[in-house]
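Residue 0 is where the sequence shown starts when you use numbering that gives the first Met the number 0, and the numbers rise one by one after that. We put the CB at the ideal spot given by N, CA and C, even for glycine. Only one structure is covered here, and it is reproduced in the block below.
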Amino acid sequence: MLNIRPIVRGKAKSPVEFGAKYDVSVDEKGHARLEKISFTPYHEGSVLKDAVERYRKRTGHYPERILAEQIYRTRANLQYSKEHGIRMSGPKLGKPRRTDARATKEGYRDNVDRIEVERFFSLDKHCNGAGLIMTRLEETTLSSIALSVFVTNLFAIPIRPYFLLYFGENGINAGSFHLLLFEDVA
Numbered sequence: 000m001l002n003i004r005p006i007v008r009g010k011a012k013s014p015v016e017f018g019a020k021y022d023v024s025v026d027e028k029g030h031a032r033l034e035k036i037s038f039t040p041y042h043e044g045s046v047l048k049d050a051v052e053r054y055r056k057r058t059g060h061y062p063e064r065i066l067a068e069q070i071y072r073t074r075a076n077l078q079y080s081k082e083h084g085i086r087m088s089g090p091k092l093g094k095p096r097r098t099d100a101r102a103t104k105e106g107y108r109d110n111v112d113r114i115e116v117e118r119f120f121s122l123d124k125h126c127n128g129a130g131l132i133m134t135r136l137e138e139t140t141l142s143s144i145a146l147s148v149f150v151t152n153l154f155a156i157p158i159r160p161y162f163l164l165y166f167g168e169n170g171i172n173a174g175s176f177h178l179l180l181f182e183d184v185a
């Protein structure tokens, strides 16, 4: 069974896109998690509350801030984040007011930090295969997307502290082997 989900995007290169739709959250350590993946259309704003609750369950506390796209800034999500003391990036609803220096600095910092999420999608699509998925079955497509997210997370792990040198004393067939572990002391 071929699972095709056409989306009219209106882009010049390809006005219609196909495939699964998925939401990813990136935590403060840079690790991404698949929050929702589906072939059926859904509004992305409905994913935010569940993602925040899963974050709280994992860490024991709510996040300090959420750096999200405009589509996640619904009234319900803004109210939810306000109730739990979470600052959500982006402009307030309603008529724009004159900006003060603090809000401008805060907005700039949020935009800079949000680049990490966009970078994840870029790496996932262009380097780790998410942009080249041509599978026909739903299960295979879902597995391919999950594996591309997994591989992107693997490459995000800093390997420097775990760098191992493996060598033998007298070549390949030596009886004595040594492992070295290098760690940065901070």
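- Rounded to whole angstroms, Arg135 and Val150 show a C-alpha spacing of 21 Å.
- Beta-bridge partners of Met133 (DSSP): none assigned.
- Taking all protein chains in view, the Cβ of Tyr41 is surrounded by fewer than 16 other Cβ atoms within 10 Å, so the residue is classified as exposed.
- Secondary structure at Leu33: strand, using DSSP grouped into helix, strand and coil.
- If you ignore the 5 residues before and after Asp123, its C-beta comes within less than 7 Å of the C-beta of Ala129, Ser147, Val148 and Thr151, all in its own chain and listed in chain order.
- Between the segment 43–53 and the segment 21–29 there are three or more inter-stretch CB-CB distances shorter than 8 Å, so the stretches are counted as touching.
- Look at Glu27 here: in three-state DSSP terms it is coil, with no helix or strand label.
- One alpha carbon belongs to Leu131, the other to Thr140, and they sit about 11 Å apart.
- If you draw a 10 Å sphere on the C-beta of Ser13, you find fewer than 16 other C-beta atoms in it, and that means exposed.
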